[in-house]
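Q: Below: one structure in structure tokens.
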Amino acid sequence: MSTFLELDPFFAKRDISRKSGQPVEIARTKRLLIRETVLRDVPELYQIWQHPSVKAYMQPMQPTLEEEIDFMEAYIRYAYSFYDFGLWSVLELESEDVIGRIGLSVSEHLEDAVELGYMIAPKCQRKGYAIESGEAVLKYASQVLDLPEIHLLSDAENIASLKTARALGFVECEEKYIQYRKVIHMIWKENR
10 MSTFLELDPF FAKRDISRKS GQPVEIARTK RLLIRETVLR DVPELYQIWQ
60 HPSVKAYMQP MQPTLEEEID FMEAYIRYAY SFYDFGLWSV LELESEDVIG
110 RIGLSVSEHL EDAVELGYMI APKCQRKGYA IESGEAVLKY ASQVLDLPEI
160 HLLSDAENIA SLKTARALGF VECEEKYIQY RKVIHMIWKE NR
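Structure representation (structure tokens):
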């Protein structure tokens, strides 16, 4: 029996990119680029989060842009390499504009679960970007990260998010209350 563990060559490539300061490309779709966040993305992401219709349903960012930049600097340095996943920037291919964020995170509210989260700028909503980026991330989670199950927690009042989750193949499994808000816990499993 061998005790030598082979390093996944794709993991090694991602690790080399991160150590050289280059963001890892997660996916490229017909209209979008999903890649690890870089510091120049943070002001646009912070501005998107500030919109009332987005902020109402999203986890809080840092109180100021400067604090968010400091937080993201540490996040970029440590989280991506530790987990090999995280929150990623979504860019429109044609314009190269940052239009949102999507990604995977270790759940704070579910035991041993990885959650999908997404945020698309209001001016870019209703164009199918959340579904397009969600499909790409779920494919990445399954094929690259070998994660057969992804969870999602959505505010029960966030109808657009619930509709997107259902379109991605998530199935409702329970209602929960988190910080006095009713949320819907949904699960996606590969090969449904």
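If you read the sequence shown in the numbering used here, its first letter stands for residue 10, the second for the next number, and so on. Ideal Cβ placement from N, Cα and C applies to all residues, glycine included.
Quick check on Arg110 - is its C-beta less than 9 Å from some C-beta in chain E?
A: The structure shown contains no chain E; it is built from a single protein chain.
Q: Measure the C-alpha to C-alpha separation of Arg40 and Glu103 and round it to an integer number of angstroms.
A: The alpha-carbon atoms of Arg40 and Glu103 are separated by roughly 7 Å.
Q: Which residues does DSSP list as the beta-bridge partners of His194?
A: Note: His194 sits in a beta bridge opposite Leu162 and Glu183.
Q: Which of the three DSSP states, helix, strand or coil, is assigned to Val63?
A: Correct three-state label for Val63: helix.
Q: So, under 8 Å CB-CB, Leu161 and Ala174 are touching, yes? Tell me the CB distance rounded to an integer number of Å.
A: About 5 Å separates the two Cβ atoms, so the contact holds.
Q: Could you pull out every residue in the same chain whose Cβ sits closer than 7 Å to the Cβ of Leu171, ignoring the five residues on either side in sequence?
A: Result list for Leu171: Ser163 and Ile193, in chain order.
Q: Can you list, in chain order, the residues of its chain with a C-beta nearer than 6 Å to that of Ala122? Leave out the 5 residues immediately preceding and following it.
A: Closer than 6 Å at Cβ, skipping near neighbours: Ser116 and His160.
Q: Considering just the uninterrupted stretch of the alpha helix (DSSP H) at Tyr138, what are its terminal residues?
A: That run of the alpha helix (DSSP H) goes Tyr138 to Gln152.
Q: CB Ala145 to CB Ala36, shorter than 9 Å?
A: Against a cut-off of 9 Å, the Cβ pair of Ala36 and Ala145 comes out as a contact.
Q: Bridge partners for Gly112 per DSSP, in chain order?
A: Beta-bridge pairing links Gly112 to Leu96 and Gly126.
Q: Assuming Ile57 and Met128 are in contact, meaning their beta carbons sit under 8 Å apart, how far apart are those beta carbons, in whole angstroms?
A: Right, their Cβ atoms sit about 6 Å apart.
Q: Since Ile108 and Glu101 are thought to touch, with beta carbons under 8 Å apart, how far apart are those beta carbons, to the nearest angstrom?
A: About 5 Å separates the two Cβ atoms, so the contact holds.
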